[in-house]
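Student: After the structure tokens below, expect a handful of questions from me.
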Amino acid sequence: MSIIQAIFLGFVQGITEFLPVSSSGHLSIIKNLLDINTDGGLLFDVLLHFGTMVAVIVAFRKDIGRMIAETLRMIRDIIYNIGIMKHNHKEQDAKRYRKIVHNNYRKFVMLVIISTIPTAIIGYSARELVSIAEQTLIVPGVCLILTAGLLLVADVVESDKKIPKDITYTNSFMIGVAQGLSTLPGLSRSGTTIAACLISGFDRRFAVKYSFIMSVPAILGAVILECGDLGKYTVTMPQIFIYLLGSVIAGVTGFICIKKMLVVVRKKKFKGFAVYCLIVGIIAISGHFISR
Numbered sequence: 000m001s002i003i004q005a006i007f008l009g010f011v012q013g014i015t016e017f018l019p020v021s022s023s024g025h026l027s028i029i030k031n032l033l034d035i036n037t038d039g040g041l042l043f044d045v046l047l048h049f050g051t052m053v054a055v056i057v058a059f060r061k062d063i064g065r066m067i068a069e070t071l072r073m074i075r076d077i078i079y080n081i082g083i084m085k086h087n088h089k090e091q092d093a094k095r096y097r098k099i100v101h102n103n104y105r106k107f108v109m110l111v112i113i114s115t116i117p118t119a120i121i122g123y124s125a126r127e128l129v130s131i132a133e134q135t136l137i138v139p140g141v142c143l144i145l146t147a148g149l150l151l152v153a154d155v156v157e158s159d160k161k162i163p164k165d166i167t168y169t170n171s172f173m174i175g176v177a178q179g180l181s182t183l184p185g186l187s188r189s190g191t192t193i194a195a196c197l198i199s200g201f202d203r204r205f206a207v208k209y210s211f212i213m214s215v216p217a218i219l220g221a222v223i224l225e226c227g228d229l230g231k232y233t234v235t236m237p238q239i240f241i242y243l244l245g246s247v248i249a250g251v252t253g254f255i256c257i258k259k260m261l262v263v264v265r266k267k268k269f270k271g272f273a274v275y276c277l278i279v280g281i282i283a284i285s286g287h288f289i290s291r
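For what it's worth, numbering that gives the first Met the number 0 labels the leading residue of the sequence shown as 0, then goes sequentially.
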């Protein structure tokens, strides 16, 4: 893969990751149509997602910083409660325990953790399937059409005003399942998870924030997993540099597109993206049969 191809794919990733049109689907279609071979399995795609993950961290740095701080405080309170439990058992006392989840940010942390569990299970189990699916045009095409349907649902559904304190752990688990399924190329991660959030009654602005922030641990886990498998790939140091360049381009472009997505969700303007996904999906499916 050349530097120009890496820059182009990074640009595509940055735009399509945060707009509900499926970054993995576009990357798969482009690589198949232009016969681009990354020689690194899923590594290049994962590094592109890493670039957009950094964009999320920068865009929501205040929220993520507060969540990290509250996570450390929760760990402190858990350790304190363990000490109280031992004390009460030993002294036959009844000292009061600290409440662990007592504000919106602590609840936010717990919701993201719950969402990450099914995402990790599905994502890890489907790694080989995703790798195979990316080598065809039919799977991204079908999944883009499914994405179009989800976006139409998101456009008409009447969202509620739920913020973390109102959201159940069942809601977060099912949204995690949606994120896990969206590892299939063509099934938009942001579109799928935002639609799931809106159907669950999330406040629209919080739905976007939740969708993007919950992607951070999932992408970080995928990056760590792929780095552990580096020995399986025939990737040279110059190729690693090219991959990282694509990742930087994806991050910069993605940061710009995050603001656009906030406007799209607030104004309920998914129909245009739904039509676009439908058209690209049909083209991809047609390309699959034409190339046979």
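Note that CB positions come from ideal geometry on N, CA and C, so glycine has one too.
Whose CA, out of 101, 159, 137 and 105, lies closest to the CA of residue 186?
Tutor: Answer by Cα proximity: 137.
Student: Assuming residue 133 and residue 27 are in contact, meaning their beta carbons sit under 8 angstroms apart, how far apart are those beta carbons, in whole angstroms?
Tutor: 4 angstroms between Cβ atoms; contact.
Student: Within the continuous alpha helix (DSSP H) that includes residue 170, where are the two ends?
Tutor: Run containing residue 170: 168-180, per the alpha helix (DSSP H) assignment.
Student: Three or more C-beta pairs closer than 8 angstroms, one from the stretch 251-263 and one from the stretch 198-212: is that the case here?
Tutor: These segments touch.
Student: Relative to the C-alpha of residue 105, which residue among 267, 87, 69 and 115 is closest?
Tutor: Measuring from the Cα of residue 105, the nearest candidate turns out to be 69.
Student: Does the count of Cβ pairs from the stretch 41-59 and the stretch 4-16 closer than 8 angstroms reach three?
Tutor: Touching, yes, given that three or more Cβ pairs across the two stretches are closer than 8 angstroms.
Student: For residue 15, which residues from the same chain have a beta carbon less than 6 angstroms from its beta carbon, with the 5 sequence-adjacent residues on both sides left out?
Tutor: 22 and 25.
Student: For the alpha helix (DSSP H) that residue 287 lies in, which residues bound it at each end?
Tutor: Residue 287 -> alpha helix (DSSP H) spans 270-289.
Student: Residue 272 and residue 20: beta carbons closer than 8 angstroms?
Tutor: It is a contact, given that the beta carbons lie within the stated cut-off.
Student: Between which two residues does the alpha helix (DSSP H) containing residue 86 stretch?
Tutor: Residues 60-90.
Student: For residue 10 and residue 162, what's the separation of their Cα atoms in angstroms?
Tutor: Using only the alpha carbons, I get a separation of about 33 angstroms.
Student: With DSSP collapsed to three states, give me the class of residue 160.
Tutor: Residue 160 falls in the coil class under three-state DSSP.
Student: Check whether the Cβ atoms of residue 218 and residue 196 lie closer than 8 angstroms to each other.
Tutor: Result no, Cβ atoms of residue 218 and residue 196 do not sit closer than 8 angstroms.
Student: My assumption, with CB atoms under 8 angstroms, is that residue 119 sits in contact with residue 220. Please give the rounded CB distance.
Tutor: Confirmed, about 6 angstroms.
Student: For the alpha helix (DSSP H) containing residue 147, name the first residue and the last one.
Tutor: Residues 137-155.
Student: Take residue 194 as the anchor and find which of 156, 74 and 123 has the nearest alpha-carbon.
Tutor: For the residues 156, 74 and 123, the minimum Cα distance to residue 194 belongs to 156.
Student: Which word fits residue 84, buried or exposed, when buried means at least 16 other C-beta atoms lie within 10 angstroms of its C-beta?
Tutor: Counting Cβ neighbours within 10 Å, residue 84 comes out exposed, since fewer than 16 surround it.
Student: With DSSP as the reference, identify every bridge partner of residue 201, one or two as the case may be.
Tutor: According to DSSP, residue 201 bridges with 161.
Student: Whole angstroms are fine: how far does the CA of residue 288 sit from the CA of residue 298?
Tutor: Residue 298 lies beyond the stretch modelled for the chain, which goes from 0 to 291, so this question has no answer here.
Student: When you compare each of 109, 78, 267 and 65 to residue 164 by their alpha carbons, which one comes out closest?
Tutor: The residue with the shortest Cα to Cα distance from residue 164 is 109.
Student: With respect to the alpha helix (DSSP H) encompassing residue 236, which residues constitute its N-terminal and C-terminal limits?
Tutor: Per DSSP, residue 236 belongs to the alpha helix (DSSP H) from 236-265.
Student: Let me know if residue 32 comes out buried or exposed under the rule of 16 or more other beta-carbons within 10 Å of its beta-carbon.
Tutor: With fewer than 16 other Cβ atoms within 10 Å, it is exposed.
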